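Under the working numbering, think of the first position of the sequence shown as 1, with each following residue one higher. The beta carbon of each residue, even a glycine, is placed where N, CA and C say it ideally should be. This one's a predicted model, so the numbers in the text were calculated from it and none came from an experiment. Below is one structure, written out as structure tokens; comments come after it.
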Amino acid sequence: YTSKSTLTCGLIFGGKYRGLGIHRFYLGYIGIGFVQIVVTCITFGVGSLWGFIEGILILTGSILQRDAKGNPLRNG
1 YTSKSTLTCG
11 LIFGGKYRGL
21 GIHRFYLGYI
31 GIGFVQIVVT
41 CITFGVGSLW
51 GFIEGILILT
61 GSILQRDAKG
71 NPLRNG
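Structural data, given as structure tokens:
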């Protein structure tokens with residue numbers, strides 16, 4: 001098993017893809033990833049703020065400190 005990176009999740013999957021829930025798919029949270037896609041589409045992009053805020057919280061270690069399998073995220 002290779003641990004997932006907090007930095008990858010918070011930054012690389014940020015930007016224009018953040019609102020699509022790509023970071024959730026990366027961590028294995030498929031269901032909520034689909035929910036983020038739907039919310040972003042229904043709100044014509046306004047829902048992407050959800051992902052933007054999550055990205056900040058992930059980088060600060062406030063949320064999502066483990067992937068869907070319960071493995072801790074590594075820093076960096």
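Problem - Same chain, Cβ closer than 6 angstroms to Asn75, five either side skipped, listed in chain order - result: Thr6
Problem - Whole-number beta carbon distance between Gly19 and Gly47, since they are thought to touch under 8 angstroms - result: 6 angstroms
Practice task
Report the rounded CA-to-CA distance for Phe34 versus Ile22, giving the unit in angstroms.
Solution key: 9 angstroms
Problem - Leu64 vs Ile56 beta-carbon contact at 8 angstroms - result: no
Problem - Leu73 to Ile53 span [Cα, whole Å] - result: 18 angstroms
Practice task
Give the range of the alpha helix (DSSP H) segment to which Ser48 is assigned.
Solution key: Ser48 to Thr60
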